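Undergrad: Residues are numbered in this note's numbering as their position in the sequence shown, beginning at 1, plus a constant of 9.
No residue lacks a Cβ here, since even glycine has one placed at the ideal position from N, Cα and C.
Predicted model, so just to flag it, every value in this text is computed and none were measured.
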Amino acid sequence: MVAIALRNRWRRRQVPEDLRDEIAPKNIIMIGPTGVGKTEIARRLAKLAQSPFLKVEASKFTEVGYVGRDVESMIRDLMEIGITMVREEEYGILRSKAEELAEDRLLDILLPVRSTRKPRRNQVVVQQHDNNVEIEVAQRTREKFKKMLRNGRLNDRDVEIETQVSAIPVVEVFSPAGMEEMDINLKDMFSNIFPGKTKRRRVKVPEALEILLQEELSKLIDTDKVTKMAKERVEQTGIVFIDELDKIAGSRSSQHGPDVSREGVQRDLLPIIEGSTVNTKHGAIKTDHILFVAAGAFHVSKPSDLIPEIQGRFPLRAELSPLTKDDFVRILTEPRNALVIQYQELLKTEGVTLEFQDDAIVEIASLAEEVNERAENIGARRLHTIMEKLLEDISFDAPDMDGVTVRITPEMVRERLREIVKSDDLSRYIL
Ligand SMILES: Nc1ncnc2c1ncn2[C@@H]1O[C@H](COP(=O)(O)OP(=O)(O)OP(=O)(O)O)[C@@H](O)[C@H]1O
Ligand SMILES: [Mg+2]
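1. Please state if the CB of Glu253 and the CB of Glu66 are separated by a distance shorter than 7 Å.
2. So, Leu221 versus Ala111, is the Cβ gap smaller than 7 Å?
3. For Arg322, does the count of other Cβ atoms within 10 angstroms reach 16, so buried, or fall short, so exposed?
4. Figure out for me which residue from Trp19, Ala58 and Ile90 has the closest Cα to the Cα of Thr289.
5. Rounded to whole angstroms, what's the CA-CA distance from Glu26 to Asn17? Just pull it up for me.
6. Hey, is Ile340 close to ligand 1, as in C-beta under 6 Å from one of its heavy atoms?
7. Cβ atoms of Val415 and Ile403: under 7 Å apart, would you say?
8. Can you give the Cα-Cα distance for Trp19 and Ile248, rounded to whole angstroms?
9. Cα separation between Glu283 and Thr232?
10. Is Leu63 near Asp79, with beta carbons less than 7 Å apart?
11. Which complete beta strand (DSSP E) runs does the stretch 14-41 hold, if anything under 3 residues is left out?
12. Any idea what DSSP makes of Arg427, helix, strand or coil?
13. Do you know whose CA, among Ser60, Gly101, Arg159 and Lys206, lies nearest Thr172's CA?
14. Any heavy atom of ligand 2 closer than 6 Å to the CB of Lys6?
15. Using a Cβ-Cβ cutoff of less than 7 Å, which residues in the same chain neighbour Glu372 once the five nearest sequence positions on both sides are dropped?
16. Find out if the Cβ-Cβ distance for the pair Leu426, Met396 is shorter than 7 Å.
17. Thr43 to Arg391, Cα distance in whole Å?
18. Which same chain residues end up closer than 7 Å to Ala374 when comparing Cβ atoms and leaving out the 5 residues on each side of it in sequence?
19. Is it the case that the Cβ atoms of Val274 and Glu428 are separated by a distance below 7 Å?
20. Excluding the five sequence neighbours on either side, which residues of its own chain have a C-beta within less than 6 Å of the C-beta of Thr125, listed in chain order?
21. Contact check, Phe154 vs Leu120 under 8 Å by CB: the rounded distance?
22. Which word fits Ala12, buried or exposed, when buried means at least 16 other C-beta atoms lie within 10 angstroms of its C-beta?
23. Relative to the alpha-carbon of Glu359, which residue among Tyr438, Asp411, Gly305 and Gln353 has its alpha-carbon at the smallest distance?
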């Protein structure tokens, strides 16, 4: 479903314009027990989507008027992410130009242009010629310095440069609920009242180059264009992932205590999900085409405990089934950053080679499944506790094991973990 939703955004952008506005994204709720990978999907999605992506926890929000974050802040945050994203891309385009300018400025600092010497009385005739020679020498020196700079041979040198320092003392502006906008505006205002002062600093050449580069970049960049592009991208391709949605679903029977405020949050969410305009410091953002993906374990409350309007605004429901042994085997080995690889790389830093036999992995997976069945089902997180326990001694002794190869066999896994798994009491505490 997530894949389809993502692809549909791209499809929508190809259809005729008059239809395009009418095609609203189908928001998704992912339902599944803890540790089945709901948040993991969001994390992967963020990397793949290449569009402004924000992950928030529903439990963080409070109803407007209470202390805490208001739901509109997620659109403001999304816009910030969009701005950063577009700005980075623009920086990429402008970088080589800015690098040249920064280099020039640094050379100016390293080789101050000497004022033409006063002609000495008996040299008047040769002065013109002398001047030309001097310019040529200066140019050659500059070229030489440029080469040295690029080869990093000036890296140990100090230079004195002017840097901008903000005149505002670092004070956290106190921001009551829902007034982050004001907070931001206050900070902007202050920086307008006290424009940045410059300060002379002695720094090493590479740092100076970096500072100058940043200055040149911010001079070259067209802020209005960035804002416009970011707005477009956020409105058309933005994705908000609302995790822990079940935490704001109060059971309908108990209409007291925190439930009231939970419903309030849901109510505040409605217009944003349906499509409304949220004011940010970069301008108004329309939320009509932002994709919302929500997730929750929903084992205490059910999706039907959400207010009906919210339910209706998430037409797609995806259920993630509990993970089995086979899933665990795949989770342990297939991802590029799989747990097994993580441990191997960590121990490699100590000179220890860690090898896992295939059937040892299967043994780990089946132990994980067993503990999940006997105790609490915590999904793939169980693999973390089991792996940690299994490799505890090796991890501890590794600094004294340089050059050693450790082979994890199924017997080893059984020997180290059987007893703990067998005893319910032990596994409850240890795994
Ligand atoms: N299908 C999967 N593939 C790879 N890794 C997974 C998978 N499912 C879970 N994991 C791993 O398990 C751990 C927990 O997963 P995740 O945080 O996504 O759980 P969750 O479903 O969000 O649970 P909760 O409801 O408690 O928030 C993560 O470290 C993740 O890397
Ligand atoms: Mg989660």
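TA: According to the structure shown:
1. For this step, residue 66 is matched to residue 57 along the sequence shown. For this step, residue 253 is matched to residue 244 along the sequence shown. In this structure, Glu66 sits near Glu253, with a CB-CB distance shorter than 7 Å.
2. Counting from 1 along the sequence shown, the entry for residue 221 is found at position 212. Counting from 1 along the sequence shown, the entry for residue 111 is found at position 102. In contact: Leu221 and Ala111 (Cβ atoms closer than 7 Å).
3. Against the sequence shown, residue 322 aligns to sequence position 313. When all chains shown are included, Arg322 counts as buried.
4. Against the sequence shown, residue 289 aligns to sequence position 280. When each option's Cα is compared against that of Thr289, the closest is Ile90.
5. The residue you call residue 26 lines up with position 17 of the sequence shown. The residue you call residue 17 lines up with position 8 of the sequence shown. Glu26 and Asn17 have their C-alpha atoms roughly 15 Å apart.
6. Residue mapping note: residue 340 aligns to position 331 of the sequence shown, counting from 1. The answer is yes for Ile340.
7. By 1-based counting over the sequence shown, the position of residue 403 is 394. By 1-based counting over the sequence shown, the position of residue 415 is 406. Yes; because the gap between Cβ atoms is below 7 Å, this pair is in contact.
8. The sequence position of residue 19 within the sequence shown is 10, counting from 1. The sequence position of residue 248 within the sequence shown is 239, counting from 1. For Trp19 and Ile248, the gap between their C-alpha atoms comes out near 13 Å.
9. Walking along the sequence shown from the start, residue 283 turns up at place 274. Walking along the sequence shown from the start, residue 232 turns up at place 223. Taking the straight line from one Cα to the other gives about 30 Å.
10. In the sequence shown, the residue the question calls residue 63 occupies position 54. In the sequence shown, the residue the question calls residue 79 occupies position 70. In this structure, Leu63 lies away from Asp79, with their beta-carbon atoms at least 7 Å apart.
11. Qualifying beta strand (DSSP E) stretches, in chain order: 37-40.
12. Translated into the one-based positions of the sequence shown, residue 427 becomes position 418. Note: Arg427 maps to helix in three-state DSSP.
13. For the purposes of this step, residue 172 is taken as residue 163 along the sequence shown, with counting starting at 1. Nearest C-alpha to Thr172: Lys206.
14. Because residue 6 is not part of the residues shown, which for the chain are 10 to 440, the question remains open.
15. As a working note, residue 372 is residue 363 in the sequence shown. For Glu372, where only same-chain residues beyond five positions count, the Cβ hits under 7 Å are Pro419, Val422 and Arg423.
16. In the sequence shown, counting from the first residue as 1, residue 426 sits at position 417. In the sequence shown, counting from the first residue as 1, residue 396 sits at position 387. No, these two residues do not count as a Cβ contact at 7 Å.
17. For the purposes of this step, residue 43 is taken as the residue at position 34 of the sequence shown. For the purposes of this step, residue 391 is taken as the residue at position 382 of the sequence shown. Between Thr43 and Arg391, the C-alpha separation is close to 11 Å.
18. Sequence index remark: in the sequence shown, residue 374 carries index 365 (1-based). Cβ within range, chain order: Lys334, Phe337, Val338 and Leu341.
19. Taking the sequence shown and counting its residues from 1, one reaches residue 274 at position 265. Taking the sequence shown and counting its residues from 1, one reaches residue 428 at position 419. It is not a contact, given that the beta carbons lie outside the stated cut-off.
20. Along the sequence shown, one-based indexing puts residue 125 at 116. Here Thr125 scores only 48 on pLDDT, less than 50, and its place in the model should not be relied on; the value that follows carries that caveat. Hits under 6 Å: none found.
21. As a first step, residue 154 is located in the sequence shown; it is residue number 145 there, counting from the start. As a first step, residue 120 is located in the sequence shown; it is residue number 111 there, counting from the start. Correct: roughly 6 Å between the Cβ atoms.
22. The residue labelled residue 12 in the question sits at position 3 within the sequence shown. Residue environment: Ala12 is assigned as exposed (fewer than 16 neighbouring CB atoms within 10 Å of its CB, all protein chains considered).
23. What you label residue 359 is simply residue 350 of the sequence shown in a count that begins at 1. The shortest Cα separation from Glu359 among Tyr438, Asp411, Gly305 and Gln353 belongs to Asp411.
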